[in-house]
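Below: one structure, written as structure tokens.
In our numbering, the protein residues as written are 629 to 1027.
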């Protein structure tokens, strides 16, 4: 029986599958409310909406008609009993987290009509042993196959379309296959046994958090094929003593080497490719080396002994939270090479009374001086810093 409520159709289908309830609006299946194990979606549906079958744990089999062109985000999220699904060749897009946590799903074929697979789309499909992806797919989101342990090869690698998505192993030394072009986001995250990794020159990108928390990793050489290193790629690699990064690397994400204490030089600085990532020291007065071009995010955060900092004119950017909660910091002069001060840069610097900001600064982030109750910003009249001070009700004096 079909009954209408405005433009929403509620289908109650009675038959050998018992009651199946669908809420459909303008061709979008917004919600399935039944508890059948086998479900046939009506052929009036053109899109399976976001969360349509969210946590339908009784569902084992689903038939999708060839009228459907899109499978929405979280559409079959945590359908833990779903074993079989055939995606028709009308579908062009599979949304983020669409089949995440479908831990009974063993096999899936992606038709050559699909061009995009969203992030986490098949993550934690623990029983998935086989997936076929056609050349038509031009975009696969990050961590799309994370946690798919049965997709791993004999060496523990989950590799799909030349991207290494996950590693299930406990080897101390790992040689990445030369078929890999990208080490995916969080691929080796938390591999505590990993001491040595060999990256082939086929790799062009190391994803976000790829080796984060690999606490035993001691050294690594980045081949000159790599162009990009993602955020937090080596974060909290506490044993890392040496890393060689070639000139080919043009982009390194925030916090890439945060927490890598053993990379620090004799003065306590962790500096990689002219970025000061961390400071491990307790000096009251610190002079930043003139090789530094950027003070990285949270670099001096919680350095409560720091009273004075000298920034060289090689620095162009002060990252977010760079001096967060440096409670003893009293005075600082920003050189006229700096153009940007990030969010929360001096947040919580409760002893900071004076800061001189040059005309070169054209961007100051949110909450940059939050908690600096006695602060006076000194700058040129009508400068960006002057306007920032007025907008944020910070005391101002003309230089």
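Every residue, glycine too, gets a C-beta built ideally from N, C-alpha and C.
Every value quoted in this text rests on a predicted model; they were computed, and no experiment measured them.
Assuming residue 996 and residue 1027 make a contact with CB atoms under 8 angstroms, what is their CB distance in whole Å?
That pair is no contact at about 18 angstroms.
Please tell me whether residue 811 and residue 789 are closer than 7 angstroms, where the distance is taken between their beta carbons.
Contact: no.
Name the two residues that bound the continuous beta strand (DSSP E) containing residue 712.
712 to 714
Is the separation between the beta-carbon of residue 774 and that of residue 744 shorter than 7 angstroms?
no
What is the rounded straight-line gap between the Cα of residue 954 and the Cα of residue 702?
42 angstroms
List the residues that DSSP assigns as beta-bridge partners of residue 958.
Looking at the DSSP assignment, residue 958 forms no beta bridge with any residue, so it has no partner.
Please state the DSSP three-state secondary structure of residue 895.
coil
Please report how far the alpha carbon of residue 698 lies from the alpha carbon of residue 738, in whole angstroms.
13 angstroms
With a threshold of 6 angstroms on Cβ separation, who are the neighbours of residue 922 within its own chain once the five nearest residues in sequence on each side are excluded?
903, 945
Go ahead and pull the three-state DSSP assignment for residue 1013.
helix
Give the straight-line distance between the Cα atoms of residue 733 and residue 877, rounded to the nearest whole angstrom.
39 angstroms
Taking the straight line between their C-alpha atoms, what separation do you get for residue 634 and residue 763?
Unreliable placement is indicated for residue 634, whose pLDDT of 45 sits below 50; the coordinate value is still reported in the next sentence. For residue 634 and residue 763, the distance between alpha carbons rounds to 42 angstroms.
Grab the span of the beta strand (DSSP E) containing residue 691 for me, first residue to last.
689 to 691
Could you please give me the residues that DSSP links to residue 721 through a beta bridge?
698, 744
Who are the Cβ neighbours of residue 1009 in its own chain at under 6 angstroms, not counting the five residues just before and after it?
1026
Express the C-alpha separation of residue 722 and residue 693 in angstroms, rounding to a whole number.
So the two alpha carbons sit approximately 15 angstroms from each other.
Where residue 695 and residue 720 are concerned, what is the direct C-alpha to C-alpha distance, given to the nearest angstrom?
Distance between the alpha carbons of residue 695 and residue 720: 11 angstroms.
Hey, residue 604 and residue 1004 are a contact pair by Cβ (cut 8 angstroms); roughly how many whole angstroms apart?
Missing from the structure shown is residue 604; the chain here goes from 629 to 1027 and no further.
Under 8 angstroms by Cβ, that's how I've got residue 688 and residue 666 pegged, so tell me the actual separation to the nearest angstrom.
6 angstroms
Mind reading off the beta-carbon distance from residue 844 to residue 822? Whole number of angstroms is fine, and I expect it under 8 angstroms.
About 6 angstroms separates the Cβ atoms of residue 844 and residue 822, confirming a contact at the 8 angstroms cut-off.
Please say whether residue 681 and residue 704 have beta carbons closer to each other than 7 angstroms?
yes
By the 10 Å Cβ neighbour count, where 16 or more other Cβ atoms means buried, how is residue 746 classified, buried or exposed?
buried
Using DSSP with H/G/I as helix, E/B as strand and the rest coil, what is residue 653?
strand
In three-state DSSP terms, what is residue 778?
helix
Could you give the DSSP three-state label for residue 846: helix, strand or coil?
coil
Hey, would you say residue 887 sits closer than 7 angstroms to residue 864, going by beta carbons?
yes
Tell me, please, which residues DSSP counts as bridged to residue 920.
Answer by DSSP bridge pairing: none, since residue 920 is not bridged.
From residue 931 to residue 984, what does the alpha carbon distance come to, in whole angstroms?
The straight-line gap from Cα to Cα measures roughly 21 angstroms.
Drop a sphere of 10 angstroms on the beta-carbon of residue 906, count the other beta-carbons inside from all chains shown, and report buried for 16 or more, exposed for fewer.
buried
Report the partner residues of residue 794 according to the DSSP bridge assignment.
786
Report the partner residues of residue 704 according to the DSSP bridge assignment.
For residue 704, which the question treats as bridged, DSSP gives no partner whatsoever.
Return yes when the Cβ of residue 948 is within less than 7 angstroms of the Cβ of residue 972, no when it is not.
yes
Where residue 686 and residue 662 are concerned, what is the direct C-alpha to C-alpha distance, given to the nearest angstrom?
9 angstroms
Evaluate residue 818 with the Cβ neighbour count: other Cβ atoms within 10 Å of its Cβ, from every protein chain shown; 16 or more gives buried, anything less gives exposed.
Under a 10 Å Cβ-count criterion, residue 818 is classified as exposed, with fewer than 16 other Cβ atoms of the shown protein chains found around its own Cβ.
Helix, strand or coil for residue 818, going by three-state DSSP, please let me know.
coil
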